[in-house]
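In this text, residue positions in the sequence shown follow this note's numbering: the first is -4, and each later residue adds one. A virtual CB, placed ideally from N, CA and C, is assigned to each residue, including glycine. Structure record follows, encoded as structure tokens.
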Amino acid sequence: MARVRPPRLGAGGRGHGAAAAGRRAQLHRPRGGPRRRLRVRGHRPRQPGAGAAGGLTGVVVAARDLPRQAVILVGGEGTRLRPITARVPKPVAPLVERPFVAYLLDLLVRHGVGRAVFSAGYLADAVARVIGDGREYGIEVAYAVEEEPLGTAGAVANCATLLDDGAMFVFNGDVLSDVDLGALAALHRERGATATLFLTPVDDPRRYGLVDIDETGRVRQFLEKPGEWEGRALINAGVYVLEPEVLELVPPGRLFSLERGVFPRLAQAGSLYGYVDDGYWRDIGTPESYLRAHFDVLERHVRTVVGEQ
């Protein structure tokens, strides 16, 4: 088994911990603020150029139409990865001698995203010491800290005062992928969606649950514990485009989930879509998957800065 050196969380030494420590970031603890007015978008008829099953044909998203901001959910304790995460939070656990979340920042920078807000909780100070203000990665990084767990939807809403009024990408903080964010945003814009999910095909969806979409990519239903399934098994891959009005669906200061509280409501309204991408995707939440991710990076199965060197 390959030995993995943990990142340094304090000053001194070379690399990410030391560089970031010199550009210390301020942890923001929101106290609430003005709420945006809710405008849940209804289902639009299929537009010319729409492809099958959440794809696009001949559609190019202009750079100005890409979301320029992202929320990365990094508040979880990563209990399945202990003892690695006992002192080092999962987002900055080392992956081929880089903090894991650096790969997410690389993906955002490649797609022109200029600002990322980390929704932090467990060991938030350690995350901020390693990543700093993001300058080392070519992106501005801010932090919103949960005083208590708020769920995935509550965690995004907790970042509201650090976001502008535009659309945003949202990432689960344990996803390694080279998904085409431009194509994801293009489908979102063309369909007039309120939210769009990155969907990835898997052989066995029982661990994740299925997402059922129609030929335009509109989400029809979620199946939490699928039995026998015929056809392509698509799962929620933990990367989204959200319009800002999604935050109005989130009760302030309460534990609330995107997956169970927000997305089913949007699906019922016909304004939730799925973008299918067959590219690389891995959830690093288990020791086996985390170890496999090291080999995937080194063997260039996923496009990364490391793989391009």
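**Asked** What is the residue span of the beta strand (DSSP E) that F217 lies within?
**Response** The residue you call residue 217 lines up with position 222 of the sequence shown. Residues V214 to L218.
**Own chain, CB closer than 8 Å to A65, minus 5 neighbours either side, in chain order** = Reading the sequence shown from its first residue, position 70 is the one you call residue 65. If the five residues before and after A65 are omitted, its C-beta is found closer than 8 Å to the C-beta atoms of L103, V108, R110, A111, V112, M163, F164, V165 and F166, all from its own chain and listed in chain order.
**Prompt:** For the candidate residues Y132, Y268, R63 and G116, whose alpha-carbon lies nearest to that of F95?
**Reply:** Residue numbering aside, residue 95 sits at position 100 when the sequence shown is read from its first letter. For F95, the nearest C-alpha among the options comes from Y132.
**Asked** Across which residues does DSSP place I208 in a beta bridge pair?
**Response** Walking along the sequence shown from the start, residue 208 turns up at place 213. Its beta-bridge partners are V214.
**Request:** Measure the alpha-carbon distance for R36 versus L293 and round it to whole angstroms.
**Result:** Locating residue 36 in the sequence shown gives position 41, counting from the first residue. Locating residue 293 in the sequence shown gives position 298, counting from the first residue. In this predicted model, R36 has a pLDDT of only 41, less than 50, meaning its place in the structure is not dependable; the value taken from the coordinates is given anyway. Approximately 43 Å, taken between the alpha carbons.
**Segment contact, 8 Å Cβ cut-off, at least three pairs: the segment 183 to 190 with the segment 262 to 275** = yes
**Prompt:** In three-state terms, what does DSSP make of D169?
**Reply:** Here residue 169 refers to the residue found at position 174 of the sequence shown. Judged by DSSP in its simplified three-state form, D169 adopts coil rather than helix or strand.
**Item:** Cross-strand partners of V87 (DSSP beta bridge)
**Value:** As a first step, residue 87 is located in the sequence shown; it is residue number 92 there, counting from the start. V87 pairs with nothing; no bridge assigned.
**Asked** Is it true that the CB of L100 sits closer than 8 Å to the CB of G129?
**Response** Taking the first residue of the sequence shown as position 1, residue 129 is located at position 134. Taking the first residue of the sequence shown as position 1, residue 100 is located at position 105. Cβ distance < 8 Å, so G129 and L100 count as in contact.
**Item:** Alpha-carbon to alpha-carbon, V151 and L242
**Value:** Locating residue 242 in the sequence shown gives position 247, where the first residue counts as 1. Locating residue 151 in the sequence shown gives position 156, where the first residue counts as 1. C-alpha separation (whole angstroms): 8 Å.
**Message:** Let's see if you can read the secondary structure: which residues bound the beta strand (DSSP E) around D60?
**Reply:** On the sequence shown, residue 60 is found 65 positions in, with the first residue counted as 1. From DSSP, D60 is part of no beta strand (DSSP E); its letter is neither H nor E.
**Item:** DSSP three-state assignment for R201, whether helix, strand or coil
**Value:** Reading the sequence shown from its first residue, position 206 is the one you call residue 201. Look at R201 here: in three-state DSSP terms it is helix.
**Request:** Measure the C-alpha to C-alpha separation of S254 and T299 and round it to an integer number of angstroms.
**Result:** Here the question's residue 254 lines up with position 259 in the sequence shown. Here the question's residue 299 lines up with position 304 in the sequence shown. First, the amino acid is wrong: residue 254 is Glu here, not Ser. E254 and T299: Cα-Cα distance of roughly 28 Å.
**Message:** Can you find the residues in the same chain that come closer than 7 Å, C-beta to C-beta, to Y285, ignoring five residues on each side of it along the sequence?
**Reply:** Looking up residue 285 in the sequence shown gives position 290. Counting only Cβ-Cβ distances below 7 Å, and skipping sequence neighbours, we find L76 and I279.
**Prompt:** Helix or strand or just coil, what does DSSP make of G187?
**Reply:** Start at 1 with the first residue of the sequence shown, and residue 187 comes out as number 192. In the structure shown, G187 sits in coil (DSSP, three-state: anything other than H, G, I, E or B).
**Request:** Assign T189 to buried or exposed, taking buried as 16 or more other Cβ atoms, counted over all protein chains shown, within 10 Å of its Cβ.
**Result:** In the sequence shown, counting from the first residue as 1, residue 189 sits at position 194. When all chains shown are included, T189 counts as buried.
**Where T281 falls: helix, strand or coil (DSSP)** = For the purposes of this step, residue 281 is taken as the residue at position 286 of the sequence shown. T281: coil per DSSP, three-state reduction.
**Request:** Could you tell me if G161 is buried or exposed, where buried requires 16 or more neighbouring beta carbons within 10 angstroms of its beta carbon?
**Result:** Counted from its first residue, the sequence shown places residue 161 at position 166. Burial call: exposed.
**Asked** Going by the beta-carbon positions, is the gap between F251 and G146 smaller than 8 Å?
**Response** Mapped onto the sequence shown, residue 251 falls at position 256. Mapped onto the sequence shown, residue 146 falls at position 151. It is a contact, given that the beta carbons lie within the stated cut-off.
**Asked** By how many angstroms is the C-alpha of S266 removed from the C-alpha of L192?
**Response** If you number the sequence shown from 1, residue 192 lands on position 197. If you number the sequence shown from 1, residue 266 lands on position 271. Looking at the two C-alpha atoms, the distance is approximately 11 Å.
**Item:** Identity of the residue in L68, T74, Q216 and T281 nearest N153 by Cα
**Value:** Taking the first residue of the sequence shown as 1, we reach residue 153 at position 158. Checking every option, the nearest Cα to that of N153 belongs to L68.
**Request:** Find out if the Cβ-Cβ distance for the pair L237, R260 is shorter than 8 Å.
**Result:** Along the sequence shown, one-based indexing puts residue 237 at 242. Along the sequence shown, one-based indexing puts residue 260 at 265. No. Outside cutoff.
**Asked** Near G233, which residues of its chain fall below 6 Å by C-beta distance, leaving aside the five closest residues on each side in sequence?
**Response** As a first step, residue 233 is located in the sequence shown; it is residue number 238 there, counting from the start. Cβ within range, chain order: N167 and V170.
**Prompt:** Which residue's Cα is closest to the Cα of L61: R287, A288, Y235 and A264?
**Reply:** Locating residue 61 in the sequence shown gives position 66, counting from the first residue. Of the listed residues, the one whose Cα sits closest to L61 is Y235.
**Prompt:** In terms of alpha-carbon separation, which member of Y138, E283 and G116 lies closest to V83?
**Reply:** Reading the sequence shown from its first residue, position 88 is the one you call residue 83. Closest option to V83, judged by alpha-carbon separation, among Y138, E283 and G116: G116.
**Message:** Suppose you measure from the CA of I208 to the CA of F217; what does that come to, to the nearest Å?
**Reply:** Numbered from its first residue, the sequence shown carries residue 208 at position 213. Numbered from its first residue, the sequence shown carries residue 217 at position 222. Between the alpha carbons of I208 and F217 lies a gap of roughly 9 Å.
**Request:** Going by CA-CA distance only, name the one from A178, T211, I230 and L179 that's closest to R201.
**Result:** Along the sequence shown, read from residue 1 onward, the residue named residue 201 stands at position 206. Taking R201 as reference, the option from A178, T211, I230 and L179 with the minimal CA-CA separation is I230.
**Request:** Following the continuous beta strand (DSSP E) through L100, name the residue where it begins and the one where it ends.
**Result:** Residue 100 sits at position 105 when you count from the first residue of the sequence shown. Where L100 is concerned, there is no enclosing beta strand (DSSP E), although the alpha helix (DSSP H) it sits in stretches over V96 to R105.
**Within 8 Å, strictly: CB atoms of A119 and Y138** = For the purposes of this step, residue 119 is taken as residue 124 along the sequence shown, with counting starting at 1. For the purposes of this step, residue 138 is taken as residue 143 along the sequence shown, with counting starting at 1. Yes.
**Message:** Tell me the DSSP secondary structure of A115 in three-state form.
**Reply:** For this step, residue 115 is matched to residue 120 along the sequence shown. Three-state DSSP puts A115 in a strand.
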